[in-house]
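Trainee:
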Ligand SMILES: Nc1nc2c(ncn2[C@@H]2O[C@H](COP(=O)(O)OP(=O)(O)OP(=O)(O)O)[C@@H](O)[C@H]2O)c(=O)[nH]1
Ligand SMILES: [Mg+2]
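Numbering (our numbering), first residue to last: 148 to 579.
Quick look at the structure:
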C-alpha cells in the first residue's frame with residue numbers, strides 16, 4: 148500500500164458492493180463520485196474496496212469476513228472513517244461500528260453532512276437541519292427499539308418488566324418528542340419563508356423567470372456569472388451553490404428576465420433533502436423556462452440527465468419548458484464526441500461557459516424562447532394614464548407608437564400576464 152502523508156484531513160476508506168463481477172465498472176463510477184463527495188466533506192481518500200456479493204448481509208451489509216478484513220486494514224492504515232456507497236440500516240451501522248471500531252457513514256449521511264457544513268442562509272440551514280432530523284429519526288427509533296427488545300428479553304418474556312425496559316422507553320419517548328417538536332418548528336419556519344417567496348413571486352410575475360438547474364459541478368454558476376457577473380461561488384467541488392441566487396439579466400430588448408442559479412442535484416440524493424428543499428425551490432417549479440445544464444464532457448452525462456429528470460419529477464417540475472445545454476464543450480475528447488451529442492440531442496445546444504461567444508449563443512437561444520412566450524398587443528392608452536404608459540415601456544418591448552387625439556397607440560410585445568392586467572384597465576385593447 149502506498150504511503151500518503153498524514154495531515155489534518157480525516158483518512159477515509161470507501162466501500163461499495165455489487166451483485167456480480169459485471170457490475171464492478173458501474174460501482175467504480177459510483178465510487179469516483181463518492182470520492183468527490185468525501186473530498187468535498189474534507190476527507191482524504193486512502194483507498195477503496197468493492198465486494199462482489201449476491202445479496203447484502205442483513206446485519207453486516209458486506210458480511211462478517213469482509214468486515215473483519217476492513218477492520219485490519221483500518222488498523223494498519225490509520226483510517227478514521229469508513230464510507231459506504233449505499234445506505235445502511237441502523238443495525239448495520241451499529242454492527243459494523245462494533246467490528247471495525249471506526250466511524251461509519253453512508254452516502255446519505257455524507258451528503259447531509261456536506262449540506263450542513265455549506266448551508267449559509269437561514270433558510271438553507273433550516274432545510275438541512277430538517278432533513279438531518281428526518282434522517283436520524285428512524286435510526287434513533289429502531290436503535291432504541293432494538294435495545295428495549297433485548298432488555299425485554301432479559302426480563303424472561305414478561306414483555307419487558309418495569310424498571311428494566313422502562314428507562315429506555317422513556318428516554319426514547321423524550322428523544323422522539325424533542326425531535327418531533329423541533330421538526331414541527333422547522334416546518335413552520337420554512338412555511339413562512341415559502342410564503343414570503345410566494346409573495347415575491349407574485350411581484351415578479353411580470354418578468355420572465357428562468358432557473359439554471361442540473362447535476363452538481365455541471366457549470367451552472369459559471370454560466371450564471373457569464374450572464375450577470377454576480378460573483379457567485381464557483382468551485383470545482385460538489386454543491387458549491389446551496390442557496391438559489393437570482394439576478395435580472397438582459398437577453399431580449401424591453402423584457403426583464405430573472406435568472407436563478409440553484410443547488411446541484413446528484414444521484415442517490417437523500418429523499419428528505421429533496422423534500423425539505425422543495426418548499427423553497429420555487430425558483431424551479433415556478434419558472435417559465437428551465438435551463439438544464441449538463442457537463443457534456445463527463446463520461447456519465449446521460450445518467451446525470453436521468454437523475455436530474457427524476458429529481459425534477461419529485462419536485463413536480465417535469466412539464467415545464469426546458470432547454471438542454473451541454474456545457475464544457477472545450478473539454479470534449481474529440482469532434483466526434485460533439486457530433487455524438489448533437490445527433491443524440493438535436494434540441495440541445497452545446498457550449499463552453501468559459502467562451503464569451505458561446506455564452507452569447509446561449510443568450511440568443513434564450514431570447515428565442517422568451518419571445519415565443521410573449522404576445523404582441525395593441526394598446527390605446529389615454530394621455531392622462533401615465534402609469535399604464537410607463538408599464539408598457541418598462542415591462543415590454545414597444546414596437547410602434549402613434550400619438551392620436553384620444554391617446555397613445557402602442558404596439559407592444561410583452562408577457563401575457565402584464566398584457567392581461569393592462570388590458571383590463573383600458574378600453575381599446577387588441578391582442579394580435
Ligand atoms: N473546462 C471548463 N470548465 C468549466 C466550464 N464551466 C464550468 N467549468 C468548471 O467546472 C467547475 C464547476 O463549475 P460551477 O459553475 O461551480 O458548477 P455548478 O454546476 O454551479 O456546481 P454546484 O453549485 O456545485 O452544483 C468549476 O471548476 C468551473 O470552472 C466549461 O465550460 N469548461
Ligand atoms: Mg453552483
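Backbone N, C-alpha and C fix where the C-beta goes; we use that ideal spot for every residue, glycine too.
Which of helix, strand or coil does DSSP assign to residue 540?
Mentor: Taking the first residue of the chain shown as position 1, residue 540 is located at position 393. In the structure shown, residue 540 sits in a helix (DSSP, three-state: H, G or I).
Trainee: Expressed to the nearest angstrom, what Euclidean distance is found between the alpha-carbon atoms of residue 470 and residue 490?
Mentor: Numbered from 1 along the chain shown, position 323 holds the residue referred to as residue 470. Numbered from 1 along the chain shown, position 343 holds the residue referred to as residue 490. If I take the Cα positions, the gap works out to 16 angstroms.
Trainee: Consult DSSP for residue 481 and reduce its assignment to one of helix, strand or coil.
Mentor: Here residue 481 refers to the residue found at position 334 of the chain shown. Three-state result, residue 481: coil.
Trainee: What did DSSP end up calling residue 391 once you bin it into helix, strand or coil?
Mentor: Here the question's residue 391 lines up with position 244 in the chain shown. DSSP places residue 391 in coil when its eight states are reduced to three.
Trainee: Quick one: does the C-beta of residue 478 sit closer than 8 angstroms to a heavy atom of ligand 1?
Mentor: Position 331 of the chain shown, counted from the first residue, corresponds to residue 478. Under cutoff, so the answer is yes.
Trainee: Does the beta-carbon of residue 242 have 16 or more other beta-carbons within 10 angstroms, so that it is buried, or is it exposed?
Mentor: For this step, residue 242 is matched to residue 95 along the chain shown. So residue 242 ends up on the buried side.
Trainee: Report the option in 540, 528 and 545 whose CA atom is closest to the CA atom of residue 552.
Mentor: The residue you call residue 552 lines up with position 405 of the chain shown. Per the Cα distances, 528.
Trainee: Please state whether DSSP places residue 179 in a helix, a strand or coil.
Mentor: Residue 179 sits at position 32 when you count from the first residue of the chain shown. Note: residue 179 maps to helix in three-state DSSP.
Trainee: Once you ignore the five residues that flank residue 234 on each side, which residues in its own chain have a CB closer than 6 angstroms to its CB?
Mentor: The residue labelled residue 234 in the question sits at position 87 within the chain shown. The residues are 253 and 255.
Trainee: Quick check on residue 530: buried or exposed, where buried means 16 or more other Cβ atoms within 10 Å of its Cβ?
Mentor: Here residue 530 refers to the residue found at position 383 of the chain shown. Classification for residue 530: exposed.
Trainee: Whose C-beta lies closer than 6 angstroms to the C-beta of residue 224 among residues of the same chain, with five residues either side of it excluded?
Mentor: Here residue 224 refers to the residue found at position 77 when the chain shown is read from its first residue. Within the same chain, residue 224 has close Cβ partners 193.
Trainee: What did DSSP end up calling residue 552 once you bin it into helix, strand or coil?
Mentor: As a working note, residue 552 is residue 405 in the chain shown. Looking at residue 552 - three-state DSSP - the assignment turns out to be coil, as it is neither helix nor strand.
Trainee: Please classify residue 364 as buried or exposed, where buried requires at least 16 other C-beta atoms within 10 Å of its C-beta.
Mentor: Reading the chain shown from its first residue, position 217 is the one you call residue 364. Looking at its Cβ environment, which holds 16 or more other Cβ atoms inside 10 Å, residue 364 is buried.
Trainee: Following a CB-centred definition, is residue 499 positioned closer than 8 angstroms to any heavy atom of ligand 1?
Mentor: Looking up residue 499 in the chain shown gives position 352. Because some heavy atom of ligand 1 lies under 8 angstroms away, the Cβ of residue 499 counts as near it: yes.
Trainee: Please classify residue 321 as buried or exposed, where buried requires at least 16 neighbouring CB atoms within 10 angstroms.
Mentor: Numbered from 1 along the chain shown, position 174 holds the residue referred to as residue 321. Residue 321 is exposed by the Cβ-count criterion.
Trainee: Classify residue 189 as buried or exposed, calling it buried when 16 or more other Cβ atoms lie within 10 Å of its own Cβ.
Mentor: Start at 1 with the first residue of the chain shown, and residue 189 comes out as number 42. That one is exposed.
Trainee: By Cβ distance, which residues of its chain are closer than 8 angstroms to residue 409, with the 5 residues on each side in sequence left out?
Mentor: Here the question's residue 409 lines up with position 262 in the chain shown. Excluding residues within five positions, the ones whose Cβ falls inside 8 angstroms are 358, 359, 360, 367, 388, 391, 428, 430 and 431.
Trainee: Beta carbon of residue 454, beta carbon of residue 540: below 9 angstroms?
Mentor: Numbered from its first residue, the chain shown carries residue 454 at position 307. Numbered from its first residue, the chain shown carries residue 540 at position 393. Cβ distance not < 9 angstroms, so residue 454 and residue 540 don't count as in contact.
Trainee: Please report how far the alpha carbon of residue 145 lies from the alpha carbon of residue 162, in whole angstroms.
Mentor: Any question about residue 145 goes unanswered here, given that the chain covers just 148 to 579.
Trainee: Restricting to Cα atoms, I'd like to know which of 275, 270 and 218 is closest to residue 250.
Mentor: The residue labelled residue 250 in the question sits at position 103 within the chain shown. For residue 250, the nearest C-alpha among the options comes from 218.
Trainee: Tell me the DSSP secondary structure of residue 462 in three-state form.
Mentor: Here residue 462 is taken as the residue at index 315 of the chain shown, counted from 1. Correct three-state label for residue 462: coil.
Trainee: For a test of your reading of the model: does the CB of residue 362 fall under 8 angstroms from any non-hydrogen atom of ligand 1? Yes or no.
Mentor: Locating residue 362 in the chain shown gives position 215, counting from the first residue. Yes - ligand 1 has a heavy atom lying nearer than 8 angstroms to the Cβ of residue 362.
Trainee: Flag this pair as yes or no: are the beta carbons of residue 209 and residue 165 separated by less than 9 angstroms?
Mentor: Position 62 of the chain shown, counting from 1, holds the residue named residue 209. Position 18 of the chain shown, counting from 1, holds the residue named residue 165. No, the pair does not count as a contact, with Cβ atoms beyond the cut-off.
Trainee: So residue 474 and residue 522 are in contact, right, with Cβ under 8 angstroms, and what is the actual spacing, rounded?
Mentor: Residue numbering aside, residue 474 sits at position 327 when the chain shown is read from its first letter. Residue numbering aside, residue 522 sits at position 375 when the chain shown is read from its first letter. Contact flag wrong, Cβ pair sits at about 32 angstroms.
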